[in-house]
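Heads up, the thing below is written out as structure tokens.
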Amino acid sequence: MPLYRDIGVVLRVQQLGEADRIITLLTRRHGRVRAVAKGVRKTKSRIGGRLEPFSHVDLQLYEGRSLDVVSQVEMLDPFGKHIMDDYARYTAASAIAETAERLTAEEREPALRLHLLTVGALRALAAGEHESPLVLDAYLLRAMSYAGWAPALMECAVCGLRGAHRAFSVQAGGCVCANCRPPGSASPSVEALELMVALLDGDWNHAGQSESPTRREASGLVAAHLQWHLERGLRSLPLVDRTESSR
Numbered sequence: 034m035p036l037y038r039d040i041g042v043v044l045r046v047q048q049l050g051e052a053d054r055i056i057t058l059l060t061r062r063h064g065r066v067r068a069v070a071k072g073v074r075k076t077k078s079r080i081g082g083r084l085e086p087f088s089h090v091d092l093q094l095y096e097g098r099s100l101d102v103v104s105q106v107e108m109l110d111p112f113g114k115h116i117m118d119d120y121a122r123y124t125a126a127s128a129i130a131e132t133a134e135r136l137t138a139e140e141r142e143p144a145l146r147l148h149l150l151t152v153g154a155l156r157a158l159a160a161g162e163h164e165s166p167l168v169l170d171a172y173l174l175r176a177m178s179y180a181g182w183a184p185a186l187m188e189c190a191v192c193g194l195r196g197a198h199r200a201f202s203v204q205a206g207g208c209v210c211a212n213c214r215p216p217g218s219a220s221p222s223v224e225a226l227e228l229m230v231a232l233l234d235g236d237w238n239h240a241g242q243s244e245s246p247t248r249r250e251a252s253g254l255v256a257a258h259l260q261w262h263l264e265r266g267l268r269s270l271p272l273v274d275r276t277e278s279s280r
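One gets this note's numbering by counting positions in the sequence shown from 1 and adding 33 to each.
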């Protein structure tokens, strides 16, 4: 069987038999890969602890017909060690991992930008650089941009008129002007739209100063926009802890 090496982040693990696991990875060069890690649930396994959710690893794998086989693993960053014991970080990381998996519909389709974005978001969560809900919403906005679904925030999604428009329509693609506003459009606050722009642009100073009501409003718009394009909801998103207060 052909042998290859890649760097990946563990998105999900599933039990297989009595001692094995199926590992879902988002890799740097091969996109989403599903592989069997044999014997990793045995107490004497040397690599079991390196294949936990959210771990950033360097792997060697054999290509298989349906599933590849992990042969070697080296830990690069144990993000999970700093995430798993904190509920807010864990739920945000779970939503990030599920989003990454959903956005890579085809296995082995290279997705370098999404891989780097996912690793960066997990690194930020593990380091506690910013509050977990903000990291998640920034990730979701940028992941949608990667997928070609970024919401229009600085122009009308329908006619392209530049400006700060006060209506938001998920179906139309984001902010809409008064002339293009479809029935049922939301009327978010200026602060919520400005926060979404800040998260998309990486303006953490602005984002960190936002108030809790503004964050909740922006999060609702981000989630609605994402789930409209995915055509079904993320299982992990309703579990995300958004109770952290603004700094």
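The C-beta atom is built at its ideal place from N, Cα and C for all residues, glycine as well.
Of the listed residues the options, nearest to residue i (C-alpha basis)
{"i": "F212", "options": "E227, L194, P184, L228", "result": "Contrary to the premise, residue 212 reads as Asn rather than Phe in this sequence. It is L194 whose Cα lies nearest to the Cα of N212."}
{"i": "A256", "options": "T276, Y172, W237, S245", "result": "Y172"}
{"i": "L186", "options": "P166, L167, C210, A176", "result": "C210"}
{"i": "H115", "options": "P86, Q242, L270", "result": "P86"}
{"i": "P216", "options": "R122, A200, M229, S222", "result": "A200"}
{"i": "V273", "options": "L228, R122, Y37", "result": "R122"}
{"i": "S220", "options": "L254, M108, P271, L270", "result": "L254"}
{"i": "G113", "options": "I80, A126, M177, M229", "result": "A126"}
{"i": "Q48", "options": "G72, L59, R38, D39", "result": "G72"}
{"i": "S252", "options": "G82, L59, A128, G97", "result": "A128"}
{"i": "Y37", "options": "A52, Q93, L44", "result": "Q93"}
{"i": "R249", "options": "W261, E134, P166, L233", "result": "P166"}
{"i": "W261", "options": "P184, M108, E188, G82", "result": "P184"}
Pairwise C-alpha distance: residue j and residue i
{"i": "N238", "j": "A231", "result": "9 Å"}
{"i": "M117", "j": "V191", "result": "42 Å"}
{"i": "T247", "j": "E224", "result": "6 Å"}
{"i": "T276", "j": "Y120", "result": "11 Å"}
{"i": "E244", "j": "W182", "result": "26 Å"}
{"i": "D170", "j": "R61", "result": "23 Å"}
{"i": "V168", "j": "S99", "result": "34 Å"}
{"i": "A180", "j": "T132", "result": "11 Å"}
{"i": "G50", "j": "A70", "result": "11 Å"}
{"i": "V103", "j": "G266", "result": "31 Å"}
{"i": "R214", "j": "H258", "result": "16 Å"}
{"i": "R74", "j": "V46", "result": "11 Å"}
{"i": "S88", "j": "D110", "result": "6 Å"}
{"i": "P271", "j": "E264", "result": "16 Å"}
{"i": "H148", "j": "G235", "result": "18 Å"}
Cβ-based burial, residue i [other Cβ within 10 Å; buried from 16]
{"i": "T57", "result": "buried"}
{"i": "A197", "result": "exposed"}
{"i": "G41", "result": "buried"}
{"i": "P35", "result": "exposed"}
{"i": "S145", "result": "Inspection of the sequence shows that residue 145 is occupied by Leu rather than by Ser. So L145 ends up on the exposed side."}
{"i": "S278", "result": "A caution first: S278 carries a pLDDT of 44, below 50, which makes its placement in the model too unreliable to give a value."}
{"i": "L155", "result": "buried"}
{"i": "R268", "result": "exposed"}
{"i": "S222", "result": "exposed"}
{"i": "R79", "result": "exposed"}
{"i": "L44", "result": "buried"}
Original post:
Do three or more CB pairs link the stretch 200-209 to the stretch 159-173 at distances below 8 Å?
Top reply: No, because fewer than three Cβ pairs between the stretch 200-209 and the stretch 159-173 fall closer than 8 Å, the two stretches do not touch.
Subject >> Any 3 or more C-beta pairs closer than 8 Å across the stretch 131-143 and the stretch 60-75 >> reply: Yes: at least three Cβ pairs fall under 8 Å.
**OP:** Please list the segments of the alpha helix (DSSP H) lying wholly inside the stretch 112-171, counting only runs of 4 or more residues, in order along the chain.
**Re:** The DSSP assignment places 112-116, 120-135, 145-160 as complete runs of the alpha helix (DSSP H) inside the stretch 112-171, in order along the chain (cut-off: 4 residues).
Original post:
Of all the beta strand (DSSP E) runs that stay within the bounds of the stretch 200-254, which reach a length of 3 or more residues?
Top reply: You should have 200-202, 207-209.
**OP:** Go through the stretch 47-121 residue by residue and report every complete run of the alpha helix (DSSP H) that reaches 4 residues or more, in order.
**Re:** The DSSP assignment places complete alpha helix (DSSP H) segments of no fewer than 4 residues inside the stretch 47-121 at 112-116, in order along the chain.
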